[in-house]
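>
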Amino acid sequence: MRNFNWGQKAKGRRTVGTGRMRYMKTLTRRFKNGFREGTQAKKMIPSKE
0 MRNFNWGQKA KGRRTVGTGR MRYMKTLTRR FKNGFREGTQ AKKMIPSKE
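Structure representation (structure tokens):
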């Protein structure tokens, strides 16, 4: 059977990752933190020995 590859090439040109990915870039990091928003990290108090 004949196989034409032009469709797959075109898909690769216009798929996710070809542009700026303003939203997708930060998504993995936010997912790891459970989509936390508007909180501040607690201060680290040095332990006294």
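Note that numbering that gives the first Met the number 0 gives residue 16 to position 17 of the sequence shown, counting from 1, and the numbers run on in steps of one.
Beta carbons: idealized from backbone N, C-alpha and C, even for Gly.
Computed from a predicted model, the values in this text were never measured in an experiment.
(1) Using three-state DSSP, classify Q39 as helix, strand or coil.
(2) Closer than 7 Å by C-beta to M23: which residues in its own chain qualify, once you throw out the five before and the five after it? Chain order, please.
(3) Mind checking if T38 is an interface residue toward chain D, Cβ cutoff 7 Å exclusive?
(4) From the DSSP output, in three-state form, read off K10 for me.
(5) R21 to K47, Cα distance in whole Å?
In this structure, then:
(1) Counting from one through the sequence shown, the residue named residue 39 turns up at place 40. Q39 falls in the coil class under three-state DSSP.
(2) Mapped onto the sequence shown, residue 23 falls at position 24. Closer than 7 Å at Cβ, skipping near neighbours: V15.
(3) Note that chain D does not occur in the displayed structure, where there is just one protein chain.
(4) On the sequence shown, position 11 is the one that residue 10 refers to. Helix.
(5) Position 22 of the sequence shown holds residue 21. Position 48 of the sequence shown holds residue 47. Looking at the two C-alpha atoms, the distance is approximately 44 Å.
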